[in-house]
Amino acid sequence: MAFRIVASCINCWACPPLCLSGAIRPAVPHFRIDAARCTECAGDYADPQCASICPVEGAIVDSAGEPLNPPGSLIDLSPGSLMKAVRGMENPSEPSVLEARILREHLVGRDFRLACQAQVLGDVTVRPA
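Just so you know, the sequence shown maps onto residues 262 to 390 in the working numbering.
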């Protein structure tokens, strides 16, 4: 079992640095995942790291061809919607450390997604740090 990167990949370089097994490689016309090396992050993370950072819905699919980020899954990632869910588990009058982390992660993700979108539009080139 391994994931696969499909044609909608925009080659933004977000996923290779996160892949613990080094399975994601540059290729033409888009990145590819070496099936022999891909562990799907099993035992390391609750969610596959490549899908967690990918700014494109449907760009990474599982062995059955199902997208890890299906259409519509990246639309409502606003901190407000996440914080509302968190507040349902906690005292709603007290901001939590988790809320602060959610906000920080949202801002980092938003900035990266905007950079990737700019790359798609030809405004900038995004390269790994």
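All residues carry an ideal CB built from backbone N, CA and C; glycine is no exception.
Residue i - partner residues in DSSP beta bridges
i	result
Arg298	Note: Arg298 sits in no beta bridge, so no partner.
Ile321	Ile266
Ile285	Ile294
Pro328	Val322
Residue i versus residue j: straight-line alpha-carbon distance, rounded
i	j	result
Asp305	Cys270	24 Å
Asp308	Leu279	12 Å
Ile314	Ala263	17 Å
Glu318	Ile266	11 Å
Cys273	Leu335	16 Å
Val322	Ile294	10 Å
Phe292	Leu329	16 Å
Pro333	Ala297	At residue 333 the sequence reads Gly, which differs from the Pro that was named. Their backbone Cα atoms lie some 30 Å apart in a straight line.
Ala312	Cys276	8 Å
Cys302	Leu281	7 Å
Residue i burial status per 10 Å Cβ neighbour count (16 or more: buried)
i	result
Val289	exposed
Ala268	exposed
Glu327	exposed
Ala390	For Ala390, the predicted model reports a pLDDT of 48, less than 50, meaning its position is unreliable; a value from the coordinates is still stated below. Looking at its Cβ environment, which holds fewer than 16 other Cβ atoms inside 10 Å, Ala390 is exposed.
Pro316	buried
Ala325	exposed
Ala320	buried
Residue interval of the alpha helix (DSSP H) (run including residue i)
i	result
Cys311	Gln310 to Ile314
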